[in-house]
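Residue numbers (this note's numbering), protein chains in the order written: chain U, 61 to 359; chain C, 317 to 715; chain X, 368 to 658; chain F, 14 to 254.
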């Protein structure tokens, strides 16, 4: 997809989301919040994992750090500063993690990132219990669901703009080359370490901001809620299903899956799991290259 | 259970039709989002869901909910699974209120999820009958959410009632003053142990061990070995269902026989008694019921018949009682939610756990310490009709 | 003796961890199926043991004799029906990994959903062989000791099977390099199916044994999947002794940190240890750098 | 001053000394042939120069700077480009994009858009004119080799390392290939080529270094060095020669 069309499409869709808000009502807004949240997370995930093919399960770690940033700082400083802090914290932690994991590849990286998210969760719990005297934190910040809705639109626009910019930039080229053949990339003059860490940080920073945006919606967070590993898995599955190789791929996984969850949830609460699993299996067998792959084949 | 109509994703049109048609005579629609799956499913399926089902069935078999004027209206249920996730719970409640347009929403299981949906219920003007939501900050919460009612009180009340019970045993039965504490690293566990530690110190007990362990940990042999070495008179674990069982079993393996053995959440589960059989005897835990009450006995019998197992001896009867409060309030003022919130906050209700009257949206007086005595988890501490403590706890027997 | 208590409980726990991971070493290490539904199969075996014990009065040790072959067959079918199409269409190991993650994620929900419909979401637990055994003056539950002992036995048997038999050599060849294995005339598809099914039989064994002391419900599968994945990765993919070593290390670390450090940190210590080992040896303790 | 000087370079794998005290120098503008029986350490030497492997000891002086401990990417940026013995292209990227990667990150880095503008000219030069939009993975083996060379050239290197780039070409292609390398050298690019095709070595290289068992055993003009008794012995002693 060429850039003017892509950017125009992002702007138009974002505009449509914003315009439609007054007519939504809480239910539809709630559904769209869910879709927007996963769009931002899955696109941010694919920003790094798509081109490098490093499958990360650390989404929940960065999301949770963002949520905790809100819990700790939400009442202490102006909101824009809180979101900025979340972005910085996510990026810094990701940089440290990125630098330490460069020797890992394939499934070792996958499980490492999962272990990392769990380690952070355990440490946060322990530190809260030991020094905070509590494990749950209340998030009473004057942020309404409508505010969250608009902030998520902004986050989505930001992540698409970021992705668009990265793709055209030297960084994006570097990552595609790394994903194709890391050895060639190195010998072509690409600082593989720097490129990977940089993008991992950018991607994590978006995830943290999303966590920070979402936290007030739940009034209460603890480590189990904020660092829920389901978030990592759901993001991974959505992005892979949509197709992580394209910037617009993950959203093609997010939207149908979110709607599928919703339909099954609303109509079959007692058989939700079975049906979800069955539909999932069917999709894996019938849509082997992701939704984006399906679209490209048709074209 | 009654027939259930659910709005699929679209659903706007059908919801609109219903809202005009059912206004006065149709069924009363009650919705809930509950953790059928995920980490909370264990608790939700013991304490909350069975009681919702039992109550709906009981009411409908009696002809429906009584509304002012004497008419009865059937209950129609809309239910969702929140998969133990806060975001799903929020969305489900949003959907129940705004899409399915239910008349009332019953709360999910657990403090985290209750607080997550608290803001939505507050915005929607729905009464929030929070039961399985126990935290120290309830007084602050009811300021923010005057529609919310907390039926199980604050964490510190549980710990303080336990310490009072222990003091009674010290005075009357010669219980010593050494205590070993273990607590799960979870909000409730931490609040319990913080309050418990302070109360124990005030009461002059000597804490010889004070350990925490992570949520979900079922391998607690080192912890119990340490407790056994400390050889205290009293062992208190502010624990959760899976680890409550693990701690008890490990104590038995280690032949650790303090004179008071207390494990918190899950002790009151029928599962506990089923697994430990005669060894459950004398184990104390959070909760407890007044087994002398015929209404409780009737409730236990109905629960056993409908659900297929007895209820737990702590939050189950209170959950059921919270529904009775709702039922009686509806009979008084009908389905106007604002009037209903006022009625629940100011009325006195006769329930299976006795008379309930809210003080600042909280139920204060209730049994807090239970003990397995025979087949029953009886109330031995806190407020209400209490049974004398069986002391000391008999030593573990070989399985 | 304090130290004996700690080390002994650590070793027993480690054995149980190894037991949980043993099936996945075969399923992922040999058959290359990253089985996210692994824990659901473990839980299903827990339920099978529970039903056999509480309804039919069959004790869990005898239940093994039923559950293992049954699970072998079921897992063979799962491989034949769900995995074969993926194996056939995957151009490389990476693609198969992604596909198997997605497919077994679906399978996870199906198995969990079926368990939920049958058993509901409540906790289950029963008591069998919950009697203390005195070892060096320290009390260990017999059921846990037995589970750990069987883990050790399975690990050794598997090791011998893989190292000393013709079939084992073939299975190892498939694990190391499927393409070359095919060149030397090994029917890789059959051996992969065999390894997956054998892994399934071991899942059943661990589920049955763990059910003797573990309180479980239908939603707890993920706990086992994650534990197993961590142990398999830490030991080195496809390495049975690696899994045993990793399990024992984690068990000991957990007991030692509970005994000497802070019982609230046990899980954190485990994850930290896992991460540290991967940073030190990026392909696990016994893994060879391949890719 | 020499453009590249290897001083006493060594590298072992386990007990095997793959490169053992290797020293030689390349003057600017030269085409140096690096020959020797299979397993004599030629590719390892290239890998040491480009930073793909780290030397155990010794120095690699490029344009006056020791790069023996530099990372591959900084060596590439310093002006050394290479091709690989087993051809490596970025298969799902287009042909033009493969070339662009060389230009974007090479010795004279440029913006991606500019790199894409430059790609067609390079593709024309190596004989893939007008095929820039095709995916690189679809190319024949020989064309992939061409593409690798284009990618290396796009980096505008001062030193180009060719690892058996002419291997497997038919006589016509070989002629073209030799002409191409000659034209590259004529542009002032210094070249080190590892090669088994002796006719090409004789046609292109003013000087060769002969390796055996990780050591330099002869050096000089192709005719002189290849007739060295030590070289003959090395080749005759090797079944693969």
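We put the beta carbon where it would ideally sit given N, CA and C, even for glycine.
In this text the structure is predicted, and so the values were computed from the model without any measurement.
Given a limit of 8 Å on CB to CB distance, which residues of the segment 155-170 of chain F reach chain U? When CB distances to chain U are screened at a threshold of 8 Å, the residues of the segment 155-170 of chain F falling below it are 164 and 168, in chain order.
Just the Cα atoms here: how many angstroms apart are residue 706 of chain C and residue 619 of chain X? Approximately 39 Å between the Cα atoms of the pair.
Quick one: which unbroken beta strand (DSSP E) runs of 3-plus residues sit fully inside the segment 145-183 of chain F? Chain order, please. Listed in chain order, they are 172-176.
Which term fits residue 154 of chain F, buried or exposed, when burial requires 16 or more other beta carbons within 10 angstroms of its beta carbon? Under this definition residue 154 of chain F is an exposed residue.
Determine the burial state of residue 490 of chain C: buried for a count of at least 16 other Cβ atoms within 10 Å of its Cβ, exposed for fewer. In summary, residue 490 of chain C is exposed, with fewer than 16 beta-carbon neighbours lying within 10 Å of its beta-carbon over all protein chains present.
Whose C-alpha, out of C/703, C/587 and C/473, is nearest the C-alpha of residue 626 of chain C? Of the listed residues, the one whose Cα sits closest to residue 626 of chain C is C/587.
Here's a check: name, in chain order, each residue in its chain whose Cβ is nearer than 7 Å to the Cβ of residue 69 of chain F, leaving out the five neighbours to either side. If we look at residue 69 of chain F and ignore the five residues flanking it on each side, its Cβ neighbours are 23, 24 and 25.
Residue 522 of chain C: buried (16+ other C-beta within 10 angstroms of its C-beta) or exposed? Label assigned to residue 522 of chain C: exposed.
Interface residues of chain U facing residue 85 of chain F [CB-CB closer than 7 Å]: Simply 246 and 247.
Going by C-alpha distance, which of C/678, C/650 and C/380 is nearest residue 457 of chain C? Residue C/678 is the option with its Cα nearest to residue 457 of chain C.
Within 10 Å of its beta-carbon, does residue 317 of chain C have 16 or more other beta-carbons around it, so buried, or fewer, so exposed? The predicted model places residue 317 of chain C with a pLDDT of 41, which falls under 50 and marks its position as unreliable; any figure quoted below should be read in that light. It counts as exposed.
Does the beta carbon of residue 292 of chain U come closer than 9 Å to any beta carbon on chain X? So no, residue 292 of chain U is outside the interface.
Taking 8 Å as the threshold, find out whether the segment 694-701 of chain C comes into contact with the segment 477-485 of chain C through three or more Cβ pairs. Touching, per the Cβ criterion.
Residue 579 of chain X lies in the alpha helix (DSSP H); which residues open and close that run? Where residue 579 of chain X is concerned, there is no enclosing alpha helix (DSSP H), given that its DSSP letter is neither H nor E.
Are residue 599 of chain X and residue 392 of chain X touching if we call contact CB-CB under 9 Å? The answer is yes: Cβ separation under 9 Å.
Does DSSP classify residue 640 of chain C as helix, strand or coil? Here residue 640 of chain C sits in helix by DSSP.
Quick test of your reading: residue 258 of chain U and residue 93 of chain U, contact by CB under 8 Å. State the CB separation rounded to the nearest angstrom. Contact flag wrong, Cβ pair sits at about 30 Å.
In or out: residue 151 of chain F buried (at least 16 other Cβ within 10 Å) or exposed? Residue 151 of chain F counts as exposed, since fewer than 16 other beta carbons sit within 10 angstroms of its beta carbon.
Quick one: using the 10 Å Cβ neighbour count with 16 as the cut-off for buried, is residue 594 of chain X buried or exposed? It is buried - the Cβ of residue 594 of chain X has at least 16 other Cβ atoms within 10 Å.
Residue 107 of chain F to residue 65 of chain U, Cα distance in whole Å? Rounded to whole angstroms, residue 107 of chain F to residue 65 of chain U spans 21 Å at the Cα level.
Given residue 227 of chain F as reference, the closest of F/20, F/16, F/30 and F/17 once Cα atoms are compared: Of the listed residues, the one whose Cα sits closest to residue 227 of chain F is F/30.
Buried versus exposed call for residue 628 of chain X [16 or more other C-beta atoms within 10 Å across all chains shown]: In this structure residue 628 of chain X is exposed. Its beta-carbon is surrounded by fewer than 16 other beta-carbon atoms within 10 angstroms.
Using DSSP's beta-bridge definition, name the partner residues of residue 508 of chain X. Bridge partners of residue 508 of chain X: X/499.
What does DSSP give as the partner residues of residue 39 of chain F in its beta bridges? Under DSSP, residue 39 of chain F shares a beta bridge with F/17.
Those runs of the alpha helix (DSSP H) which lie wholly inside the segment 126-172 of chain U and span at least 4 residues: Counting only runs of 4 or more residues that sit fully inside the segment 126-172 of chain U, the alpha helix (DSSP H) segments are 139-160, in chain order.
Here's the rule: buried if 16 or more other CB atoms are within 10 angstroms of the residue's CB, otherwise exposed. What is residue 459 of chain C? Here residue 459 of chain C is exposed: its Cβ has fewer than 16 other Cβ atoms, across all protein chains shown, within 10 Å.
So what's residue 333 of chain C in DSSP terms, helix, strand or just coil? Since pLDDT at residue 333 of chain C reaches only 40, below the 50 mark, its modelled position is unreliable, and the value read off the structure follows with that caveat. In the structure shown, residue 333 of chain C sits in a helix (DSSP, three-state: H, G or I).
Would you tell me roughly how many angstroms separate the C-alpha atoms of residue 338 of chain C and residue 326 of chain U, rounded to the nearest one? For residue 338 of chain C, the predicted structure reports a pLDDT of 45, less than 50, and the residue's modelled location is therefore unreliable. A value from the coordinates is still provided. Straight-line Cα distance between these residues: approximately 21 Å.
CB residue 355 of chain C to CB residue 586 of chain X, shorter than 9 Å? Residue 586 of chain X is positioned such that its CB atom lies closer than 9 Å to that of residue 355 of chain C.
So, is the C-beta of residue 534 of chain C closer than 9 Å to a C-beta in chain U? Residue 534 of chain C does not count as touching chain U.
Cβ shell of residue 103 of chain U (< 6 Å), same chain only, five flanking positions each side left out: Setting aside the 5 residues that flank it on each side, residue 103 of chain U is surrounded in the same chain by 219 and 310, each with a C-beta closer than 6 Å to its C-beta; the list follows chain order.
Is residue 440 of chain X near residue 564 of chain X, with beta carbons less than 9 Å apart? Between residue 440 of chain X and residue 564 of chain X, the CB-CB gap stays under 9 Å.
Examine the Cβ distances between the segment 203-223 of chain F and the segment 47-59 of chain F and report whether three or more of them are shorter than 8 Å. Enough Cβ pairs lie closer than 8 Å, so yes.
C-alpha gap between residue 305 of chain U and residue 262 of chain U, whole angstroms: Going from the Cα of residue 305 of chain U to the Cα of residue 262 of chain U covers about 17 Å.
Would you kindly work out how many angstroms separate the C-alpha atoms of residue 454 of chain X and residue 340 of chain U, rounded to a whole number? Each residue's Cα considered, the two are about 18 Å apart.
Would you kindly work out how many angstroms separate the C-alpha atoms of residue 80 of chain U and residue 99 of chain U, rounded to a whole number? Roughly 18 Å separates the two Cα atoms.
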